[in-house]
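Engineer: Going down the list, the protein sequences come from chains A and B.
Be aware that the first sequence starts at 26, since it is given in the numbering used here, and climbs by one per residue.
Be aware that the second sequence starts at 2, since it is given in the numbering used here, and climbs by one per residue.
Even glycine gets a Cβ: it sits at the ideal position worked out from N, Cα and C.
Here the structure is a predicted model, which means the values were calculated and not measured.
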Amino acid sequence: MLPYLSIGPAVVPVPALLLLAGVWVGTGLAEGAALRLGLNRETLANLILYSLIGGVLGARLGHVLRHPAAYLADPLGVVALTPSTLWVDAGLAAAVITGWVYGQRHALPLRRTLDALATGLAAFLVAVGLAHIASGDAFGAPTDLPWAVTQWDARRHPAQVYETGLAIGILAIIWRRPLGDTAPGLNALLLVALTAAARLFLETFRGDSVLWVGGLRAAQVVALAVLVAALALMRAWAVAPKDAP
Amino acid sequence: MSLESPLPAPTRLIWLTDRRRWTALTGVVLAAGLLWIVLARADEAATTGGAPPPSPREGFSAPDFTLEVRGGGQMTLSELRGSVIVLNLWASWCPPCRAEMPALQAVHDDYADQGLVVLGLNTLFQDGLGAAEAFITEFGLTLPVVFDESGAVSLRYQLRAMPTTFFIDRRGVIRAVVVGGPMSEALLRAQVDELLAEAP
Chain A
26 MLPYLSIGPA VVPVPALLLL AGVWVGTGLA EGAALRLGLN RETLANLILY
76 SLIGGVLGAR LGHVLRHPAA YLADPLGVVA LTPSTLWVDA GLAAAVITGW
126 VYGQRHALPL RRTLDALATG LAAFLVAVGL AHIASGDAFG APTDLPWAVT
176 QWDARRHPAQ VYETGLAIGI LAIIWRRPLG DTAPGLNALL LVALTAAARL
226 FLETFRGDSV LWVGGLRAAQ VVALAVLVAA LALMRAWAVA PKDAP
Chain B
2 MSLESPLPAP TRLIWLTDRR RWTALTGVVL AAGLLWIVLA RADEAATTGG
52 APPPSPREGF SAPDFTLEVR GGGQMTLSEL RGSVIVLNLW ASWCPPCRAE
102 MPALQAVHDD YADQGLVVLG LNTLFQDGLG AAEAFITEFG LTLPVVFDES
152 GAVSLRYQLR AMPTTFFIDR RGVIRAVVVG GPMSEALLRA QVDELLAEAP
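#1: Of the choices L106(A), L215(A) and L139(A), whose alpha-carbon is the least far from that of V36(A)?
#2: Can you check which of these residues, A248(A), I78(A), D268(A) and R181(A), is closest to L211(A) by C-alpha distance?
#3: How long is the line joining the alpha carbons of R203(B) and W177(A), rounded to whole angstroms?
#4: Are the CB atoms of L54(A) and T168(A) within a distance shorter than 8 Å?
#5: Answer yes or no: does any C-beta atom of chain B fall closer than 8 Å to that of R137(A)?
#6: Using a beta-carbon distance below 8 Å, is P103(B) in contact with chain A?
#7: Does any residue of chain B bring its CB to less than 8 Å from the CB of D129(A)?
#8: Count the other CB atoms within 10 Å of the CB of N89(B); is the residue buried (16 or more) or exposed (fewer)?
#9: Based on the DSSP secondary-structure assignment, which residues constitute the bridge partners of I86(B)?
#10: Helix, strand or coil for Y158(B)? Go by DSSP, reduced to three states.
#11: Beta carbons nearer than 7 Å to chain A: which residues of the stretch 144-162 of chain B have them?
#12: Would you mind sorting L27(A) into buried or exposed? The rule is 16 or more other CB atoms within 10 Å of its CB.
#13: Given a threshold of 16 other Cβ atoms within 10 Å of its Cβ, counted over all protein chains shown, does Q185(A) qualify as buried or as exposed?
#14: Could you check whether the Cβ of S1(B) sits closer than 8 Å to any Cβ belonging to chain A?
#15: Give me the chain A residues within the contact set of S56(B), using Cβ-Cβ distance strictly less than 7 Å, ordered along the chain.
#16: In chain order, what residues of the stretch 143-164 of chain A put their CB closer than 8 Å to some CB of chain B?
#17: Can you list, in chain order, the residues of its chain whose CB lies under 8 Å from that of R157(B), leaving out five sequence neighbours each side?
#18: Taking the continuous beta strand (DSSP E) assigned at F202(B), which residues delimit it?
#19: From L62(A) to A221(A), what distance separates their C-alpha atoms?
#20: Excluding the 5 residues preceding and the 5 following A259(A) in the sequence, name in chain order all residues of the same chain whose CB lies nearer than 8 Å to its CB.
#21: Here's a check: name, in chain order, each residue in its chain whose Cβ is nearer than 7 Å to the Cβ of I73(A), leaving out the five neighbours to either side.
#22: Is there a Cβ from chain B that is less than 8 Å from the Cβ of Q245(A)?
#23: Answer with buried or exposed for L224(A), where buried requires no fewer than 16 other C-beta atoms within 10 angstroms of its C-beta.
#24: Taking DSSP as the reference, what is the three-state secondary structure of G182(B)?
#25: Would you say Y112(B) and L40(B) are within 8 Å of each other, going by their C-beta atoms?
#26: Taking 8 Å as the CB-CB cut-off, is D114(A) touching chain B?
#27: Apart from the five residues on each side of it in sequence, which residues of its chain come closer than 7 Å, Cβ to Cβ, to P103(B)?
#28: Can you tell me which of the three DSSP states G87(A) falls into?
#29: Establish whether the CB of D233(A) and some CB of chain B are separated by less than 8 Å.
#30: Within a Cβ cutoff of 7 Å, which residues of the same chain sit near G131(B), ignoring the five residues on either side of it in sequence?
#31: Could you tell me which uninterrupted alpha helix (DSSP H) segments, each at least 4 residues in length, are contained entirely in the stretch 206-240 of chain A, listed from first to last along the chain?
#32: Please tell me whether E80(B) has its Cβ less than 8 Å away from any Cβ of chain A.
#33: Could you give the first and the last residue of the continuous beta strand (DSSP E) run that contains S31(A)?
#34: As an exercise, report each continuous alpha helix (DSSP H) stretch of at least 4 residues that is fully enclosed by the stretch 156-197 of chain A, in chain order.
#35: To the nearest angstrom, how far is it from the Cα of V121(A) to the Cα of L60(A)?
#36: If you reduce the DSSP assignment to three classes, tell me which class A41(B) lands in.
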């Protein structure tokens, strides 16, 4: 674990640096895929950039709307440089909406664009795993297994290492494009299906699961629903390989 | 390195375009997934729900400590159970600590009667008592301040950067950790509002 580097008075969050590196590498891979798929590389790079900007602004706006009284008492807090005042869910929604609007305005074909983004996103998920190793987040359940690691005052599954290993495996598969490019969108859906399957498997070894009725792990239920939906959509897109903006 | 898959396109997609095969595959995946989910059920003791063990991170119980309080006497963290606690680790030489301390004092003033305790923990093992006192006087602090003279509490809380702030709910569970600063007053109020809104 190396969550922070103290450089003089500055505290540098290592996980954030890893995520930034993931964005950088992922964007490069997506641009390469765009060229292969006949998309405009610059347009795709801009889509990623605007989505990121929209995501950050949306996350901050979401936090402000969620806590209006706090920001009325401290209006300058709206522009404070602190990642703790970002609402991640709102940011993700804003990033998707921004990307969608940008894609529509530039007539980007949906499925090929998703395919181009898939390789980059797979690389970014590796960075997420590494960020979790650095931060100690997404930690494992207690265990006595020989490869357990000591973390947060207990011997635990190295769930972040499992996560990173699975993400590397998924990146290797997506990189190889086992479904080819004949039916647009299938590689993106394959990424969704593999990521959901990985989460379904991995969650068993997590020590921070949100539990639902009967001790069911919420993330597993959601992951299975996403997996089945992705499989259904894969078939639908395979038999109707028409791409449209 | 070639990006081409070794399989010809029709072979790759044959499973996908065959409705019966794909439906069967989806059914198997669904059944196996459901079975896995049932087998992976957990009780709250196996996660950070319920009564989590003490550890200095979000989702765990705040490690207990007893320290000398400025002005005399001792304070034990667990005796504050039932209150929302903002535990701020600071030092007088740390610029972000100086920058955020007025916001901490303002939040203390506004919320103290609603069940909030803003507890300043001076890391005395790396500070000077005179400098800490001057700091307290300079900012007119009335929030309670405890002194970690040996560094044991800072070590237990895995202090890595100054300042570090822990938001602790009424059950004594750490709900958020902010490393570095300065925190905005809006951040402090947002976190405190959420925790105070929870049922005692």
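Structural biologist: Concretely, from the data shown:
#1: As a first step, residue 36(A) is located in the first sequence; it is residue number 11 there, counting from the start. Ranking the options by Cα distance to V36(A), first place goes to L106(A).
#2: In the first sequence, residue 211(A) corresponds to position 186, counting from 1. Closest by alpha carbon: D268(A).
#3: Nothing in the structure corresponds to residue 203(B), since chain B is present only between 2 and 201.
#4: Working through the first sequence from its first residue, we reach residue 168(A) at position 143. Working through the first sequence from its first residue, we reach residue 54(A) at position 29. Result no, Cβ atoms of T168(A) and L54(A) do not sit closer than 8 Å.
#5: Position 112 of the first sequence, counting from 1, holds the residue named residue 137(A). With 8 Å as the cut-off, R137(A) does not count as an interface residue toward chain B.
#6: Numbered from 1 along the second sequence, position 102 holds the residue referred to as residue 103(B). Judged by the 8 Å Cβ criterion, P103(B) is not in contact with chain A.
#7: Along the first sequence, one-based indexing puts residue 129(A) at 104. The amino acid at residue 129(A) is misidentified as Asp; the sequence shows Gln. No, no contact with chain B.
#8: Along the second sequence, read from residue 1 onward, the residue named residue 89(B) stands at position 88. The residue is buried, with at least 16 neighbouring Cβ atoms inside 10 Å.
#9: Position 85 of the second sequence, counted from the first residue, corresponds to residue 86(B). In DSSP, I86(B) forms a bridge with V118(B) and I169(B).
#10: Here residue 158(B) is taken as the residue at index 157 of the second sequence, counted from 1. Here Y158(B) sits in coil by DSSP.
#11: R161 and A162
#12: What you label residue 27(A) is simply residue 2 of the first sequence in a count that begins at 1. Exposed, by the Cβ-count rule.
#13: By one-based count along the first sequence, residue 185(A) stands at place 160. Per the 10 Å Cβ criterion, buried.
#14: Because chain B in this structure spans residues 2 to 201, residue 1(B) falls outside the shown range and cannot be described.
#15: By 1-based counting over the second sequence, the position of residue 56(B) is 55. By Cβ distance, chain A contributes W177 and D178.
#16: G161
#17: By 1-based counting over the second sequence, the position of residue 157(B) is 156. Closer than 8 Å at the Cβ level, and outside the excluded window around R157(B), lie P57, P64 and F66.
#18: Past the boundaries of the shown model lies residue 202(B); chain B is included only from 2 to 201, so the question cannot be answered.
#19: Locating residue 62(A) in the first sequence gives position 37, where the first residue counts as 1. Locating residue 221(A) in the first sequence gives position 196, where the first residue counts as 1. Distance between the alpha carbons of L62(A) and A221(A): 25 Å.
#20: The residue given as residue 259(A) occupies position 234 in the first sequence. The sequence given here places Met at residue 259(A); Ala does not occur at that position. Cβ within range, chain order: L211, L214, L215 and A218.
#21: As a working note, residue 73(A) is residue 48 in the first sequence. For I73(A), where only same-chain residues beyond five positions count, the Cβ hits under 7 Å are T52 and A55.
#22: The residue labelled residue 245(A) in the question sits at position 220 within the first sequence. Cβ-Cβ to chain B under 8 Å: yes for Q245(A).
#23: Sequence index remark: in the first sequence, residue 224(A) carries index 199 (1-based). Contrary to the premise, residue 224(A) reads as Arg rather than Leu in this sequence. Buried, since its Cβ has 16 or more Cβ neighbours within 10 Å.
#24: Reading the second sequence from its first residue, position 181 is the one you call residue 182(B). The answer is coil: DSSP assigns G182(B) none of H, G, I, E or B.
#25: Here residue 112(B) refers to the residue found at position 111 of the second sequence. Here residue 40(B) refers to the residue found at position 39 of the second sequence. For Y112(B) and L40(B), no; Cβs fall outside 8 Å.
#26: If you number the first sequence from 1, residue 114(A) lands on position 89. So, not an interface residue.
#27: Residue numbering aside, residue 103(B) sits at position 102 when the second sequence is read from its first letter. Excluding positions up to five away in sequence, the list reads F140.
#28: Working through the first sequence from its first residue, we reach residue 87(A) at position 62. In this structure, G87(A) counts as helix in the three-state DSSP scheme.
#29: Against the first sequence, residue 233(A) aligns to sequence position 208. D233(A) counts as touching chain B.
#30: Counting from one through the second sequence, the residue named residue 131(B) turns up at place 130. There are no such residues.
#31: 211-227
#32: Indexing the second sequence from 1 puts residue 80(B) at position 79. No, because no Cβ of chain A sits closer than 8 Å to the Cβ of E80(B).
#33: In the first sequence, residue 31(A) corresponds to position 6, counting from 1. Looking at the DSSP string, the run of the beta strand (DSSP E) that includes S31(A) is Y29 to I32.
#34: none
#35: On the first sequence, position 96 is the one that residue 121(A) refers to. On the first sequence, position 35 is the one that residue 60(A) refers to. When rounded, the distance between both Cα atoms is 22 Å.
#36: Taking the first residue of the second sequence as position 1, residue 41(B) is located at position 40. Coil, per DSSP.
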